[in-house]
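Going by my numbering, the first residue of the sequence shown is number 29, and it counts up by one from there.
We put the CB at the ideal spot given by N, CA and C, even for glycine.
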Amino acid sequence: MFTGLIQGIGNIKSLDNDLFAIEIHQNYLGIICQDLAIGDSVAVDGICLTVEKVLDNGFFATASPETLQRTTLAENIKKQKKVNLETSLRVGSKIGGHFVSGHVDGIGCLVELVNCQQSWEMTFTAPSELKNQWQIYISPYIVSKASIAINGISLTIADCDIHGNWFKVAVIPHTYKETNLSQLKAGDWINLESDILGKYVDKLISHRLGKKSIQEDITLDFLTQNGY
Numbered sequence: 029m030f031t032g033l034i035q036g037i038g039n040i041k042s043l044d045n046d047l048f049a050i051e052i053h054q055n056y057l058g059i060i061c062q063d064l065a066i067g068d069s070v071a072v073d074g075i076c077l078t079v080e081k082v083l084d085n086g087f088f089a090t091a092s093p094e095t096l097q098r099t100t101l102a103e104n105i106k107k108q109k110k111v112n113l114e115t116s117l118r119v120g121s122k123i124g125g126h127f128v129s130g131h132v133d134g135i136g137c138l139v140e141l142v143n144c145q146q147s148w149e150m151t152f153t154a155p156s157e158l159k160n161q162w163q164i165y166i167s168p169y170i171v172s173k174a175s176i177a178i179n180g181i182s183l184t185i186a187d188c189d190i191h192g193n194w195f196k197v198a199v200i201p202h203t204y205k206e207t208n209l210s211q212l213k214a215g216d217w218i219n220l221e222s223d224i225l226g227k228y229v230d231k232l233i234s235h236r237l238g239k240k241s242i243q244e245d246i247t248l249d250f251l252t253q254n255g256y
């Protein structure tokens, strides 16, 4: 479990098959590697990964086919992109963001970036080829003022449409500069994780009412029949 408060930045490099290395930038080594051990969980761009080997300047990890398919990890490895890093939450730690599981729901696309002097406004929607995934796993939980994790960063939805087809966040200068959000440009893909508490509420209420949850009710057949 994580909180969505990024502790550092690293670069990701492919080693062999699905094994890769995270090289942590020098400024953040003391924060992330202080007591890092094999078996620990680290959120890499919002993806919960297990440390398989600890290095002087980072660690090794492996990703499952499901993770590579549902996230931007494969693309990040290919291009050796900068990634956000956060070590797992401990009992007694401050929860400065919100509960982030590290289980990415899907991919979003940055469509607009506006510099508002005191903040940056970023608007996201579904990549055209991944709209089905967005409609099932993302849209139902897009709510104004709700929390969402973008590349592992805890952010608040400032605005959205009623159907959850797009949403906007306001990013303060510190978050923008200290994460890989500053590297994004229009058209870039990001990892998204909806608020886990919203998912639990949906499931519990649906069960009590004897109805399907939002995710169960929206199927590929349903989307096709309704013009998606």
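Check, Outcome
"Could you check the C-alpha separation between residue 233 and residue 226 for me, to the nearest Å?", "11 Å"
"Alpha carbon to alpha carbon, how far is residue 185 from residue 32? Give it in angstroms, no decimals.", "14 Å"
"Using CA coordinates, which residue listed in 113, 91, 114 is at the minimum distance from residue 103?", "91"
"Based on Cα-Cα distance, which residue from 237, 74, 191, 58 lies nearest to residue 154?", "191"
"Short of 6 Å in beta carbon distance, which residues of its chain neighbour residue 43, apart from the five on each side in sequence? Order them along the chain.", "49"
"Tell me, to the nearest whole angstrom, how far the beta carbon of residue 129 is from that of residue 76; I am working on the premise that it is less than 8 Å.", "7 Å"
"Tell me which residue opens and which closes the beta strand (DSSP E) that residue 149 is part of.", "148-153"
"If we require 3 or more residues per run, which beta strand (DSSP E) segments fall completely within the region 150-198?", "175-178, 181-188"
"Please list the segments of the beta strand (DSSP E) lying wholly inside the region 61-124, counting only runs of 3 or more residues, in order along the chain.", "69-72, 75-78, 81-83, 86-90, 110-115"
"Give me the residue from 127, 137, 150 with the minimum Cα distance to residue 159.", "137"
"Of the choices 79, 41, 74, 85, whose alpha-carbon is the least far from that of residue 54?", "85"
"Leaving out the 5 sequence neighbours to the left and right, which residues in its chain are closer than 6 Å to residue 142 when beta-carbon positions are compared?", "149"
"Tell me where the alpha helix (DSSP H) around residue 227 begins and ends.", "224-237"
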